């Protein structure tokens, strides 16, 4: 049976089938979902052709082909695969020699459970990271996505977003956590869902916002509780970790997590273990954590409100989503998308868009980002009754911020702050220059020019009439 897309496999090779079975069971219980076994050394190379393998645990002494011979073959044809040699005590010298020939590490039989898990985890993570970096280099060089559909929820034509997609596609199959940062309203949960879709994980995507949760609520929601764990707990409850088994757990606003809760989350990430409320039985979890925040976690580490060890566990892979003002080319696309969505939800025909609306919106900073634009569009569609969408609801929502909050990333040409020669202009001359520049930027659209100037259209008309006299 071939490996499904997702986490690279671990292959155990040993002629002792009972040992293979017990080792496979230990690793699966430790959270490694894709563990293959092969008792016949002659079939190993064929298996490596059929499966995407990141790590091989190779017994030194086997019939047909020895571990040393297999190591040479593996490294000759699959140099990216990590190999751990498993040896008896009297083979230590040979094991060290194998490490000089490319083996990653060695284990001495009988292998203790914790030693096996720790060694495999370290080597597997390194091998997976190397594979992801190779994939990322390939994707960036080609500029192509292997799975466009996974990002279909995200409306964008931004090259910066495209590079983020390429990176996420490369790291999505990893078991490591992903940290998504960015301002409120930039689409962090949509990106988290895309990571889950690309991961190849068969379990569900579960999401929770951690803002406002105290430690008891956090523990109960994530870890669950047993019957009688606290007053009023008349029946047991499964936590989100259990519900998301084999899938992805999305933790939004991770920066707001209480210090005591941070310790519990760190244990989950480090050991793959958690304790339901009222229980003394430690449970294992193979859930993959994706976290998001709008906060500056490095700053919170410095002031002592966020644990550094948790931060570095969370940001094994990290992306920062740009605010809408840094991807203004997406505003016309998002406008059309939200118009269709709002019209459908309100049962109205989709209105025509005045040509100046996109330029009007592209001059605004959007502190609330995509979420703010969606709310504006929905409100405007709800209010309109004609064939053409009016500008007034947008002007009312934006207010004077359009003129009062200029942004360097806006794709419009700005006049110099003080474009004067030797003669300093009068106030009237300066006003006329500003009006002329606003009209130029607005392609002589008086409504848009008035918005640039932070005045009403009627006030602009009065000034134009006065200047013509």
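In the working numbering, the protein residues as written are 215 to 683.
Ideal placement from N, C-alpha and C gives every residue a C-beta, glycine not left out.
Since we're looking at a predicted model, the values are computed, not measured.
Run through DSSP, which three-state label would residue i get?
| i | result |
| --- | --- |
| residue 498 | strand |
| residue 491 | strand |
| residue 598 | coil |
| residue 438 | strand |
| residue 320 | strand |
| residue 423 | strand |
| residue 464 | strand |
| residue 640 | coil |
| residue 629 | Any reading at residue 629 needs caution, since the residue's pLDDT is 48, under 50, leaving its predicted position unreliable; the model's value is listed next. In this structure, residue 629 counts as coil in the three-state DSSP scheme. |
| residue 556 | helix |
| residue 670 | coil |
| residue 588 | helix |
| residue 363 | helix |
| residue 308 | helix |
| residue 579 | coil |
| residue 514 | helix |
| residue 452 | strand |
| residue 301 | strand |
| residue 417 | coil |
| residue 541 | coil |
| residue 277 | coil |
| residue 474 | helix |
| residue 663 | helix |
Can you round the beta-carbon distance between residue i and residue j to whole angstroms, since I take them to be within the 8 Å contact cut?
| i | j | result |
| --- | --- | --- |
| residue 386 | residue 413 | 5 Å |
| residue 684 | residue 575 | The first residue shown for the chain is 215 and the last is 683, placing residue 684 beyond what the model contains. |
| residue 268 | residue 296 | 7 Å |
| residue 288 | residue 319 | The pair is not a contact, with the Cβ atoms about 15 Å apart (cut-off 8 Å). |
| residue 459 | residue 417 | 5 Å |
| residue 273 | residue 229 | 7 Å |
| residue 494 | residue 424 | With 8 Å as the limit, residue 494 and residue 424 do not qualify as a contact, their Cβ atoms being about 26 Å apart. |
| residue 501 | residue 453 | Rounded, the Cβ-Cβ distance is 10 Å, inconsistent with contact. |
| residue 592 | residue 556 | 4 Å |
| residue 507 | residue 468 | 5 Å |
| residue 535 | residue 401 | 6 Å |
| residue 538 | residue 580 | 4 Å |
Report buried or exposed for residue i, applying the criterion of at least 16 other Cβ atoms within 10 angstroms of its Cβ.
| i | result |
| --- | --- |
| residue 516 | exposed |
| residue 407 | buried |
| residue 315 | exposed |
| residue 263 | exposed |
| residue 466 | buried |
| residue 384 | buried |
| residue 670 | exposed |
| residue 650 | exposed |
| residue 659 | buried |
| residue 241 | buried |
| residue 334 | buried |
Please report the straight-line C-alpha distance between residue i and residue j, rounded to a whole angstrom.
| i | j | result |
| --- | --- | --- |
| residue 265 | residue 256 | 16 Å |
| residue 390 | residue 526 | 11 Å |
| residue 341 | residue 367 | 31 Å |
| residue 374 | residue 547 | 16 Å |
| residue 667 | residue 545 | 21 Å |
| residue 491 | residue 432 | 11 Å |
| residue 564 | residue 586 | 20 Å |
| residue 270 | residue 410 | 26 Å |
| residue 475 | residue 657 | 56 Å |
| residue 485 | residue 553 | 47 Å |
| residue 623 | residue 589 | Note that residue 623 scores 46 on pLDDT, short of 50, meaning its location in the model is unreliable; the coordinates nonetheless yield the value given after this. Spanning the two alpha carbons is a distance of roughly 23 Å. |
| residue 317 | residue 541 | 46 Å |
With a threshold of 8 Å, establish whether the CB of residue i neighbours any heavy atom of the ligand NAD.
| i | result |
| --- | --- |
| residue 435 | Questions concerning the ligand NAD fall outside what the structure shown contains, since it holds no ligand whatsoever. |
Provide the residue(s) that pair with residue i in DSSP beta bridges, ordered along the chain.
| i | result |
| --- | --- |
| residue 566 | 602 |
| residue 252 | 227 |
| residue 269 | 224, 296 |
| residue 534 | 395 |
| residue 341 | Its beta-bridge partners do not exist; DSSP assigns none. |
| residue 504 | 392, 464 |
| residue 645 | Looking at the DSSP assignment, residue 645 forms no beta bridge with any residue, so it has no partner. |
| residue 383 | For residue 383, which the question treats as bridged, DSSP gives no partner whatsoever. |
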